[in-house]
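Our numbering applies: residue 59 is where the sequence shown begins, and numbers increase by one.
Notes follow once the structure below has been shown.
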Amino acid sequence: MLIVIILLILVLAAVGGLAAYMFTNMNKPAGAQAEQVQEKPKKKHEGPPIFEKMDTFVVNLAGNDGSLLQIDMQAELGDEEAKKKFADYAPKVRSAVILLLSSKTAAEVSTAEGKVKLKAQVKQIINEAMDAGEEPVVESVLFTSFIIQKQ
Numbered sequence: 059m060l061i062v063i064i065l066l067i068l069v070l071a072a073v074g075g076l077a078a079y080m081f082t083n084m085n086k087p088a089g090a091q092a093e094q095v096q097e098k099p100k101k102k103h104e105g106p107p108i109f110e111k112m113d114t115f116v117v118n119l120a121g122n123d124g125s126l127l128q129i130d131m132q133a134e135l136g137d138e139e140a141k142k143k144f145a146d147y148a149p150k151v152r153s154a155v156i157l158l159l160s161s162k163t164a165a166e167v168s169t170a171e172g173k174v175k176l177k178a179q180v181k182q183i184i185n186e187a188m189d190a191g192e193e194p195v196v197e198s199v200l201f202t203s204f205i206i207q208k209q
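As structure tokens, then:
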């Protein structure tokens with residue numbers, strides 16, 4: 059009887075240990091899968107930042123007040139490869155930015171908060187237009203001139 063109890067305790071301990079091991083390692087990929095899942099370190103451009111000036115945008119703003127927006131922007135790019143891709147996609151990028159800018163009202167882009175939000179939206183729309191996926195080509199967008207003319 060004592061042997062049965064000892065065997066039962068050993069079996070329960072083994073099952074408990076296995077369950078604990080499975081539970082703690084459930085979210086970790088094993089072996090070859092771990093190598094595939096690890097993110098590749100993003101190559102960081104060394105040296106001064108790379109900026110690409112975009113042509114001036116002049117658009118009618120949304121709304122019935124006849125407001126115009128004239129804006130100059132520069133895109134900060136990660137490397138020379140990104141600069142080439144940016145140039146290749148220039149017409150598609152310009153079209154996407156014009157559509158975004160013309161959808162805004164003067165009230166939306168007049169405030170500092172509105173401009174910051176617009177910068178983020180422009181960056182996103184440019185990366186989407188360039189089919190950037192998970193590695194964005196444009197790291198940031200800078201406004202170098204921003205004029206709203208109200209009629």
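Backbone N, C-alpha and C fix where the C-beta goes; we use that ideal spot for every residue, glycine too.
Nothing here was measured: the structure is a model prediction, and the numbers come from that model.
As the crow flies, the alpha-carbon of Thr202 is around 5 Å from that of Asp130.
Beta bridge pairing from DSSP links Thr163 with Ala120. Assigned with DSSP and collapsed to three states, Gln179 falls in helix. Contact between Phe109 and Leu159 is absent: CB atoms are separated by about 20 Å, not below the 8 Å threshold. From the listed residues Pro107, Glu138 and Met112, the smallest Cα separation to Gln128 is found for Met112.
Taken through DSSP and simplified to helix, strand or coil, Lys208 comes out as coil. In this structure, the beta-carbon distance from Val180 to Phe144 does not fall below 8 Å. Residue state for Thr169 is assigned as coil, using DSSP reduced to three classes. Judged by DSSP secondary structure, Glu138 falls within the alpha helix (DSSP H) whose first and last residues are Glu138 to Asp146. In the structure shown, Thr114 adopts coil according to DSSP, grouped into three states. By the criterion of a C-beta distance shorter than 8 Å, Gln132 is surrounded in its chain by Phe109, Glu110, Lys111, Met112, Val199, Leu200 and Thr202, once the five residues flanking it on both sides are discounted. Note on geometry: alpha-carbon atoms of Met188 and Ile205 lie some 27 Å from one another.
Across the structure, Lys141 and Tyr147 are spaced so that their CA atoms are roughly 10 Å apart.
Met80: member of the alpha helix (DSSP H) spanning Leu60 to Thr82, first to last residue.
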